[in-house]
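Each protein sequence line maps, in turn, to chains W, G and A.
Residue numbering for the first sequence follows my numbering, starting at 3 and increasing by one per position.
Residue numbering for the second sequence follows my numbering, starting at 119 and increasing by one per position.
Residue numbering for the third sequence follows my numbering, starting at 98 and increasing by one per position.
Step one of this worksheet: look at the structure below.
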Amino acid sequence: MTLELKNVAKHVGTDVHIHKTNLVLEEGSFNTFLGPTLAGKTSLLHLIAGLEPPTTGEVWFRGKNVTGVPVQKRNVSMVYQQFINYPNFTVYENIASPLRVSGLPESEIDARVKGTAELLRLVPMLGRRPSELSGGQQQRTAIARALVKNSDIVLLDEPLANLDYKLREELRDELPKFFAGRRCIVVYATTEPMEALLFGGNTATLDEGRITQFGPTAEVYKKPDDLVSARVFSDPPINTAAVTKRGSSIIIGETIELPAGKAFQSIPDGPYTIGIRPHHITPTVRKTGRAEIEGKVLVTELSGSESAVHFDLLGQTWVSLSHGIHRFDVGSRAKFYIDMEHTFFFDRQHRRIEGRG
Amino acid sequence: MNKIVNQRAWFFVLPVVLLVAFNALIPLMTVVNYSVQESFGDNVFFWAGERWFQEILTSERFHASLFRQILFTGIILLIEVPLGLAIAITMPRKGPWVSVCLVLMALPLLIPWNVVGAMWNIMALPDIGLLGKSLRSLGFEYNYTRQPLAAWFTIILMDVWHWTSLVTLLCYAGLVSIPDAYYQAAKIDGARPWAVFRYIQLPKLKYVLTIAILLRFMDSFMIYTEVVVLTGGGPGNSTTFLSIDLVKTALGQFDLGPAAAMSLVYFLIILLLSWLFYTLMMRNEAR
Amino acid sequence: MAKILASDLAHSYALDPQTDQNWALKPLTLECADGGAYALLGPSGCGKTTLLNLISGLLKPSRGRIVFDGRDVTDASPEERNIAQVFQFPVIYDTMTVYDNLAFPLRNRAVPASDIDRRVREVAHMLELDGMLNRRASGLTADSKQKISLGRGLVRSDVNVIMFDEPLTVIDPHLKWVLRSKLKELHQRIRRTMIYVTHDQTEALTFADKVVVMKDGEVVQIGTPIELFEKPSHTFVGHFIGSPGMNILPCSIEGGKAVVAGTAIETANGSAYRDQGKRLELGVRPEFVSFGNGGIPVEVVKVLDIGRYRIVEARHSNIVVKMLVPEDAPIPQRAHVHFDPGHTRIYEDGWVVP
């Protein structure tokens with residue numbers, strides 16, 4: 003049971019919301035759509051659900067063309083950012099509502115509602131109305147409503163964005179448990195790279211209406227196809243610089259020379275763009291062989307266990323993220339150490355170059 | 119949404135479509151039919167082409183009633199919209215008085231229109247009416263059955279009393295939906311009440327005001343009942359607006375052809391002016 | 098710039114508060130030093146926004162006084178207190194250009210036009226809005242609009258305190274990062290008193306010099322980000338701050354050491370404690386838990402890889418311990434977990450034992 007998007011594109015007037023896209027989602031997979039706002043995540047979700055027809059291209063499900071099929075005929079559930087529940091129904095009725103439409107016997111409905119409520123820890127709330135629940139509980143009711151149907155496809159559009167930080171964390175931890183062991187295809191849209199990493203599964207990075215990369219999350223994270231995918235999948239933002247490679251070193255802006263990592267020493271000389279994630283730059287030397295650079299400290303942010311130091315490197319602001327408390331005076335010059343083995347190299351078309359050896 | 123993929127929706131719309139067809143489209147077609155024919159009673163019809171339309175559009179009488187109508191609608195809009203908006207701004211948005219104010223505002227809208235006309239008719243009577251007698255005691259030579267100016271004054275007063283509430287309630291709904299944070303920010307910025315009105319409330323009320331003005335425009339352009347009950351179109355024909363003129367032609371003189379033609383012209387004028395007005399108000403919205 | 102003192106301040110939204118629950122803000126006293134950066138941190142409904150609105154003057158307190166620099170301002174309006182506030186969603190004047198938006202507060206105070214021009218350009222440069230001064234404010238992105246909201250507070254040179262009410266709510270994560278550092282940079286440059294309300298601990302800890310942690314209308318702890326991280330005085334602070342939060346394990350005390358699941362554990366405050374039969378818990382942050390030779394025997398049940406480190410969940414019967422393991426370090430299936438004694442504390446009924 004796979005979902006396929008074949009050459010699907012969406013145009014609204016003269017705007018292109020989704021460029022020609024091909025995508026295959028497997029049964030039982032958890033897929034994260036990651037990208038900034040207006041990247042096209044919601045549009046894609048609507049196309050998969052059948053809420054909107056594609057301008058060109060086809061949507062295939064279970065080997066059949068479902069492009070013109072309206073959303074009521076497709077077995078799809080959706081959870082939104084704003085906790086959408088029927089305000090006049092109790093939690094029990096809310097969860098039961100999709101089942102009542104399908105005309106199941108009452109005993110079956112009761113069993114399924116209770117089962118789903120237990121999974122989402124809503125059993126004590128079953129008699130209440132959504133207005134009497136907290137944000138987290140309302141969202142769990144919405145998720146329960148989506149799950150009880152046993153749909154083939156479950157779509158979640160930034161469901162945790164309106165929740166408090168800690169609640170978001172808790173619900174995020176529980177979310178994979180809700181879908182464990184089910185055969186449905188789950189698509190989760192978010193702007194936070196951290197969530198994609200925590201869920202595992204597959205990730206698609208989106209930027210301006212295009213899917214730039216799709217694959218197992220760890221792979222997309224560790225081996226981005228291009229600069230855009232690397233950027234989308236980094237929080238804090240990835241540090242980049244235009245460099246020239248000469249021999250076994252790379253030169254930044256004519257003045258800074260760093261040894262290229264072992265895997266990259268044999269790539270052809272010439273201009274490249276490098277990308278380094280902030281946690282691969284530290285103010286202390288932990289491993290030998292780390293390249294050293296010096297920069298003027300702009301601001302230090304201490305978040306309890308980690309220090310983020312923003313420093314100026316040849317007019318650009320770079321960020322170093324490290325464990326522990328490191329204090330620097332603003333304006334002072336400090337030394338930072340780059341892990342060159344974890345540096346990404348991008349060619350002139352911003353495609354990533356694989357290291358050799 | 120681009121395409122309608124769900125065909126079942128048409129079945130829900132069908133009853134309404136039939137009803138509208140029966141009640142509106144068929145009579146409309148009948149009117150169009152009459153407007154291009156001449157009748158001599160007893161269902162004998164001759165083709166007249168655009169003759170009635172030419173007559174109407176060049177007739178002095180039509181021009182006069184059109185002019186009166188435009189003047190009336192213009193005055194009405196100029197008074198009711200600012201007044202309604204002002205009242206809405208002064209109405210409380212929170213607290214126990216909200217429901218009281220809302221009920222008071224709704225009352226004039228609930229009264230049947232002919233009763234409104236009758237009410238003002240009696241109230242404005244120069245000898246025994248509250249309004250009429252008071253004005254006369256203040257020294258005004260007020261008699262709405264004899265003086266066109268007094269008649270106009272009374273009609274405008276009646277309409278303002280009757281319909282300003284609609285503008286008020288619409289604007290109130292719009293105002294209530296402005297988040298508190300905007301007012302708080304304005305307070306912090308040291309903005310005076312006028313600046314708050316001009317830079318926060320007015321821009322946010324744009325859509326609501328458009329609807330209010332459009333509704334008042336269309337309704338006042340078609341005004342009939344209240345005026346007929348109050349003045350009957352008089353004195354003379356000083357308050358004979360378009361609808362009244364139309365009815366006089368159609369029923370009073372049994373001239374179906376010209377009446378039908380006049381109806382269509384009337385309809386097209388309202389359509390054109392409404393469209394023009396709407397486009398002008400929505401000019402800045404690209405999407 | 099001003100030193101702010103909230104003295105015995107309490108507030109209730111009910112007309113006649115009877116029970117504890119009716120008080121949105123329970124009596125508290127708080128002092129903010131001149132030019133300091135403060136964060137009010139807590140979950141929804143903890144009273145942080147109420148406290149912010151009381152300080153800014155948008156709300157009059159049911160009880161207590163507010164003092165700016167020795168001057169009692171409890172009955173003063175927000176303009177009289179000379180404050181600026183940035184709200185959750187960008188509040189801008191749609192019909193005006195960016196320039197006019199920034200100039201608005203100054204024009205209302207009859208500041209001469211040449212001064213207005215200078216201040217507006219200065220602030221626009223600080224916030225990197227130079228290129229947009231002549232554009233209509235309504236067409237910009239959310240983060241630019243928030244910058245304008247902030248700018249309107251910065252143009253006034255006499256502002257006593259700038260308040261932020263969850264200002265990054267509508268901003269994308271990537272831009273959140275940028276805007277957050279910009280705020281910090283700004284504070285270090287202009288040194289005005291700033292109070293920042295949020296439920297996001299990362300925002301609070303990176304921005305503030307001192308954080309006020311609140312729950313259910315009460316202040317639980319006030320401290321620097323490092324103090325809150327290393328020495329939480331309540332299990333709530335330990336849980337709320339840190340991602341993941343502190344491990345809180347039920348324990349008992351025996352001979353000066355805490356006992357969890359039959360294993361004796363060294364703590365920073367256990368040796369002087371005498372058991373009084375109350376509920377005891379052991380608190381240790383995942384950052385201070387490591388695989389070692391002594392400690393509770395566990396089995397690793399879950400590993401979450403977030404790139405720069407892994408969150409490891411280890412289990413011993415019904416006790417779950419979370420720990421952080423660096424990027425390339427090995428994770429054994431079965432091991433013992435060692436708690437750093439300097440960062441392990443005993444909590445009695447939720448409060449840390451002195």
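Backbone N, C-alpha and C define an ideal beta-carbon position, used for all residues, glycine too.
8 Å contact criterion, which residue i and residue j should meet: CB distance rounded
i	j	result
Ala310 (chain W)	Leu208 (chain W)	Actually they are not in contact, since the Cβ atoms of Ala310 (chain W) and Leu208 (chain W) sit about 26 Å apart, beyond 8 Å.
Ala299 (chain G)	Val188 (chain A)	5 Å
Asn241 (chain W)	Ile269 (chain W)	The pair is not a contact, with the Cβ atoms about 20 Å apart (cut-off 8 Å).
Pro350 (chain A)	Gly367 (chain A)	For the sequence presented, residue 350 (chain A) should be read as Ile rather than Pro. At roughly 6 Å, the Cβ-Cβ gap stays under 8 Å, so Ile350 (chain A) and Gly367 (chain A) are in contact.
Pro226 (chain W)	Pro280 (chain W)	That pair is no contact at about 15 Å.
Ile145 (chain W)	Val81 (chain W)	5 Å
Lys244 (chain A)	Leu226 (chain A)	6 Å
Asn515 (chain A)	Asn179 (chain A)	What is shown of chain A runs 98 to 451, which leaves residue 515 (chain A) out entirely.
Leu54 (chain A)	Ile292 (chain A)	Residue coverage of chain A in this structure runs from 98 to 451, which leaves residue 54 (chain A) outside it and unanswerable.
Ile428 (chain A)	Val449 (chain A)	About 31 Å; that fails the 8 Å criterion.
Cys219 (chain G)	Pro230 (chain G)	Cys219 (chain G) to Pro230 (chain G), Cβ: 23 Å. No contact.
8 Å CB neighbourhood of residue i in its chain, flanking five on each side removed
i	result
Gly132 (chain A)	Met98, Arg288, Arg289, Thr290
Val316 (chain A)	Leu125, Leu127, Val309, Val310
Residue i to residue j span [Cα, whole Å]
i	j	result
Asp313 (chain A)	Gly144 (chain A)	7 Å
Phe234 (chain W)	Tyr274 (chain W)	In the sequence as displayed, the identity of residue 234 (chain W) is Val instead of Phe. Distance between the alpha carbons of Val234 (chain W) and Tyr274 (chain W) is about 19 Å.
Thr282 (chain G)	Ile188 (chain G)	19 Å
Val170 (chain A)	Lys375 (chain A)	44 Å
Phe185 (chain G)	Met340 (chain G)	14 Å
Phe85 (chain W)	Gln140 (chain W)	6 Å
His312 (chain W)	Leu260 (chain W)	20 Å
Pro72 (chain W)	Pro100 (chain W)	17 Å
Gly339 (chain A)	Gln298 (chain A)	7 Å
Asp112 (chain W)	Ile187 (chain W)	25 Å
Leu125 (chain A)	Val314 (chain G)	35 Å
Ile122 (chain G)	Val78 (chain W)	In this prediction, Ile122 (chain G) has a pLDDT of 49, which is less than 50 and means its spatial position is unreliable; what the coordinates show is noted afterwards. Going by the C-alpha atoms only, they are around 19 Å apart.
Asp197 (chain A)	Ile213 (chain A)	10 Å
Ser322 (chain W)	Pro270 (chain A)	18 Å
Lys419 (chain A)	Asp437 (chain A)	14 Å
Pro325 (chain G)	Ile345 (chain A)	Per the sequence shown, residue 325 (chain G) should be read as Tyr rather than Pro. Cα to Cα, the separation comes out at about 55 Å.
Contacting residues, own chain, Cβ-Cβ under 6 Å from residue i (five flanking each side not counted)
i	result
Leu382 (chain G)	Ser153
Met119 (chain G)	Only weak support exists for where Met119 (chain G) lies, its pLDDT of 40 falling under 50; the coordinates are left without a value.
Asp277 (chain G)	Ile194
Gly255 (chain W)	Leu316
Arg253 (chain A)	Pro202
Ala103 (chain A)	Leu127, Ile163
Met3 (chain W)	Glu29, Arg64
Thr214 (chain W)	Thr207, Val230, Ser231
Residue(s) in a DSSP beta bridge with residue i
i	result
Gln141 (chain W)	Gln141 (chain W) is not bridged to any residue.
Glu308 (chain W)	W:His325
Leu158 (chain W)	W:Val81, W:Tyr190
Val357 (chain A)	A:Thr360
Met223 (chain A)	Partner(s): none; Met223 (chain A) has no beta bridge.
Arg412 (chain A)	A:Glu396, A:Val417
Lys307 (chain A)	A:Tyr135
Ser157 (chain G)	G:Phe163
Nonlocal neighbours in the same chain, by C-beta distance under 7 Å from residue i, ignoring five residues either side
i	result
Ala206 (chain G)	Thr286, Cys289, Tyr290, Leu293
Arg174 (chain W)	Leu162, Glu197, Leu200
Ser157 (chain G)	Phe163, Leu374, Gly375
Pro175 (chain A)	Ser153, Gly154, Leu155
Pro218 (chain W)	Asn204
Asn24 (chain W)	Leu7, Lys8, Asn9
Ser361 (chain G)	Met340, Ile341, Tyr342
Short-range partners of chain W found in the region 266-284 of chain A, where Cβ spacing is below 7 Å: Asp269, Pro270, His271, Trp274, Ser278, Lys281, Glu282
Along the region 187-201 of chain W, where does the CB come closer than 7 Å to a CB of chain A? Name the residues. Thr193, Glu194, Met196, Leu199, Leu200
Return the residues of the region 298-319 of chain G that lie within a Cβ-Cβ distance of less than 9 Å from chain A, sorted by chain order. Asp298, Ala299, Tyr300, Gln302, Ala303, Ala304, Lys305, Ile306, Asp307, Gly308, Ala309, Arg310, Ala313, Arg316, Tyr317, Ile318
Positions along the region 401-413 of chain A whose CB lies within less than 7 Å of some CB in chain W: Per Cβ criterion, the list reads Leu401, Asp402, Ile403, Gly404, Arg405.
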